[in-house]
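First comes the structure, then the notes that go with it.
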Amino acid sequence: MLAYEYPLLGAFLSMLYFFLFFMWIWIAVTVFIDIFRSHDMNGWVKALWLVFVIFLPFLGVFVYLIARGGKMAEHRQKDIEKSQEAFNQAVQQAAPVDTADQLAKLAGLRDQGVITPEEFDAQKAKLLS
């Protein structure tokens, strides 16, 4: 009985509308986050963008994506690089360092003439601290 009143195409269209609405919310939230995290805009410009996006949501979001889409990608790339750098630092701090092995490598580089004795002493002091 329900299938007769609600055809299959209607179900597909309802799902499509739901997913389009979900994508719209995702994009709008991403734009809001980018507005607040942008360091290259001052407070007044951020406020104007927020007013524009809040009062004319579709137009505001689409204009923001057209005008600042490249900056959004740059901000995202910088965030990824920062998180990767933080991860690498955490791994380096957590991994045990074999000081004797590092000193032997440094001594080998010094003996080959790749680094100067002053550079060796500086690296040695850094390793031993």
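Counting in my numbering, the sequence shown runs without a single skipped number right up to 130 at its last residue. We put the beta carbon where it would ideally sit given N, CA and C, even for glycine.
- Proximity to Ile55 across Ala29, Gly71, Arg77, Arg69 peaks at Ala29, based on C-alpha coordinates.
- Leu51 and Ile67 do not touch by the CB rule: their CB atoms are close to 17 Å apart, not below 8 Å.
- The stretch 38-73 contains no complete beta strand (DSSP E) run of 3 or more residues.
- Here the stretch 68-88 lies against the stretch 38-50, with 3 or more beta-carbon pairs under 8 Å apart.
- Judged by their CB atoms, Val62 and Val32 are nearer to each other than the 7 Å cut-off.
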